[in-house]
Every structure is written in structure tokens, then in C-alpha cells.
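Numbering (my numbering), first residue to last: 5 to 100. Glycine included, every Cβ here is placed at the ideal spot set by N, Cα and C. A short write-up of the structure that comes next.
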């Protein structure tokens, strides 16, 4: 079933994306770490997830619901974490 995507040009100020819940798999985490070239022992030893990678996955999930114009870029974000994120933790993203 196709997902209904919202056109960026029709968004009102304060638009709230659908709440999404997901987890970061070992495969996704490994691919992210390799892509950014960060081989910090901290991420491997205790399976800690870099917060910016959580944003990356959240943005990927939210982009499934919106159609952005060609060349669109992210200019600002605010992240709030209540504790460290580890592999397979359940993450809920709320975005406006």
C-alpha cells in the first residue's frame, strides 16, 4: 500500500509529522559508522549510538511522509534525548 505523502508547499506553520517509532539495528548502525568514518571504541564497546545518527534515521523515516522540493536542505533542528541510545532501543520521534 502506497503511503500518502504531504507536499511541502501545502504545509502550514506548526505542521506536525506523524509520530514514528523505530529502532536502530546493528546493520544500520554499522553502515552509518562506516559512512562517517567514526571508529570510536565507545560506539563498539557499549553499543552506544551517536545522537546525530538518530537524527539521520528520524529524518529518513519522516521523509517517507513528505515530498520536498528539489535542492531542499535542513537548516535547523533541536534534539532532546532523555538518556543514551543503544542498539535496538525503541525510539519515538516527534517533529513539527
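Going by alpha carbons, who is nearest to residue i out of the options?
i           : options    : result
residue 115 : 45, 84, 54 : Outside the displayed span of the chain (5 to 100) sits residue 115, for which this structure offers no information.
residue 60  : 45, 51, 26 : 26
Compute the distance between the beta-carbons of residue i and residue j, then report whether it is under 8 Å.
i          : j          : result
residue 12 : residue 73 : yes
residue 66 : residue 35 : no
residue 89 : residue 58 : yes
residue 10 : residue 71 : yes
Run through DSSP, which three-state label would residue i get?
i          : result
residue 53 : coil
residue 86 : coil
residue 67 : helix
Which same chain residues, not among the five before or five after residue i, have their C-beta less than 6 Å away from its C-beta?
i          : result
residue 62 : 97
Please report the distance separating the alpha-carbon of residue i from that of residue j.
i          : j          : result
residue 8  : residue 69 : 7 Å
residue 50 : residue 44 : 11 Å
residue 87 : residue 56 : 14 Å
residue 83 : residue 28 : 17 Å
residue 37 : residue 16 : 36 Å
For residue i, which residues from the same chain have a beta carbon less than 8 Å from its beta carbon, with the 5 sequence-adjacent residues on both sides left out?
i          : result
residue 23 : 96, 97, 98
residue 46 : 52
Residues in its own chain within less than 7 Å of residue i by CB, not counting five upstream and five downstream?
i          : result
residue 30 : 91
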